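Residue numbers (my numbering): 4 to 292.
Structure first, then comments.
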Amino acid sequence: MLKVRHLNKSYKTTAALSDVSFELKEGIYGFLGPNGAGKSTLIHLITDNIRRDSGEILWNEKDIRVLDKEYRDILGYMPQYQGYYKGFTAKAFLLYMAQLKGMKKKEAVRRTEELLKILNLWEHRDKKAENFSGGMRQRLMLAQALLNDPKLLILDEPTAGVDPQERIRIRNYISTIAKGRIILIATHIVSDVEAIANEIFLMGAGKVIEHASPQKLIRQVSPYVYTTTVQSVDEITQLEKSFTISNIYNSMHGIQVKLIQKSPQDPEFHTSGYEPAAANLEDVYLYHF
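Okay, structure coming up:
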């Protein structure tokens, strides 16, 4: 179990995190929020890369700073920015990272080969990582995070800069390795966590503003989500003055606009032409942010 209690962190006069508390057990957790919400600061604190101002971070009821190496042995971290080394092949990079993690050579070789195959990088094992596509680099960074078979896996924007097909591949693989682990995914890409997360934490301005299962969060915003049909882009521009536009697509009858109202008492909805629409997690994100 990972427990975060009353965590605070400021940079000079700016509060990056304010009194953040939560508990995570086995499963996948999505931390969603816009840039500046505090997600990266939270990750740097949980990985013990920066010092907290106050509060506690506990792994199985023990402070991670007291556990030190014992904590790092169960931790896997995939950073947002790709930290591969130019000139290293994929295989050499993983073996080097395994050495930094203190893994024995025989286990490092076995695990490196296993992960290269699982993540479809085996045929590229002797190619330099600097020549990889964005998706291949992300898979390589995921592989290094998994080298020590971590019980706590932290992924910071795991699909940033990759194409939709690669995003699906990475997301599907993450969902297959959740058993026996805590997986924390920090992202602003809703589709990364919508289908696989057990619980979603919405972060804004350094605070957790809401957390629940994706299904519960969707139910909460369902009364605010509608659709309407317009015939021109100018009408969409007018709608944007009063509502958040969630989606736009063409239909046989015109342009379908999915929109989110801020309050169910919005007077605009006393007029005809608006129909309730099925909400999703992206609507949740847009409603809150």
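All C-beta atoms, glycine included, are put in the ideal place defined by N, C-alpha and C.
For clarity, every value in this text was computed on a predicted model and none was experimentally measured.
Bridge partner(s) assigned by DSSP for residue i
i	result
Gln259	Thr232 and Tyr252
Val211	Met206
Ala189	Phe34 and Asp159
Thr16	The partner list for Thr16 (beta bridge, DSSP) is empty, contrary to what the question assumes.
Lys42	Answer by DSSP bridge pairing: none, since Lys42 is not bridged.
Glu26	Lys6
Thr247	Ile263
Lys131	Thr92
Pro279	Tyr229
Asn11	Ser57
7 Å CB neighbourhood of residue i in its chain, flanking five on each side removed
i	result
Ile199	Ile31, Arg174, Ile177 and Ser178
Leu70	Trp62
Ser13	Ala19 and Asp56
Arg68	Asp51
Asn151	Asp76, Gly79, Lys104 and Met106
Asp166	Gly138
Leu48	Leu10, Lys12, Arg55 and Ile60
Glu285	Val193 and Ser249
Span separating the alpha-carbon of residue i from that of residue j
i	j	result
Ile203	Ile221	11 Å
Lys210	Asn38	13 Å
Ala280	Val228	6 Å
Ala148	Lys104	10 Å
Glu133	Met106	25 Å
Ile263	Ile171	27 Å
Val23	Ile60	11 Å
Glu116	Pro153	17 Å
Tyr88	Leu118	18 Å
Glu243	Val233	13 Å
Lys15	Asn253	49 Å
Thr231	Gln83	38 Å
Met139	Asn11	36 Å
Arg2	Lys265	In this structure the chain extends from 4 to 292, so residue 2 is not present and cannot be described.
Leu27	Leu5	5 Å
Ala181	Glu29	8 Å
Glu110	Tyr74	19 Å
Ser249	Pro226	14 Å
Ala208	Val287	17 Å
Lys131	Met81	19 Å
Lys72	Gly58	20 Å
Arg8	Gln241	45 Å
Asp129	Ala101	17 Å
Arg114	Asp237	57 Å
Gly36	Ser216	16 Å
Asn283	His291	13 Å
Lys219	Phe246	23 Å
Thr190	Glu197	11 Å
Leu98	Lys108	8 Å
Lys120	Ile53	34 Å
Val112	Glu278	58 Å
Sequence-distant residues of the same chain with beta carbon closer than 8 Å to residue i, five excluded per side
i	result
Ile251	Ile239, Ile258, Gln259, Val260 and Lys261
His214	Phe25, Glu202, Ile203, Phe204 and Leu205
His256	Thr232
Asp66	Glu59 and Ile60
Glu64	Met4 and Lys6
Ser235	Ile258
Asp195	Gly33, Pro161, Thr162, Arg170, Arg174 and Ile188
Val224	Ile263, Ala282, Asp286, Val287 and Tyr290
Chain-order list of residues whose beta-carbon lies under 6 Å from that of residue i (same chain, five-residue window excluded)
i	result
Ile186	Ile31 and Leu156
Phe135	none
Glu169	Gly138
Ile212	Leu205
Gly276	Thr231
Three or more C-beta pairs below 8 Å linking the stretch 157-164 and the stretch 131-148: yes
At least three beta-carbon pairs within less than 8 Å, the stretch 11-30 to the stretch 40-51: yes
Given 8 Å, three or more beta-carbon pairs between the stretch 89-103 and the stretch 122-134: yes
Every unbroken alpha helix (DSSP H) within the stretch 41-81, with a cutoff of 4 residues, ordered by chain: 42-49, 67-70 and 72-75
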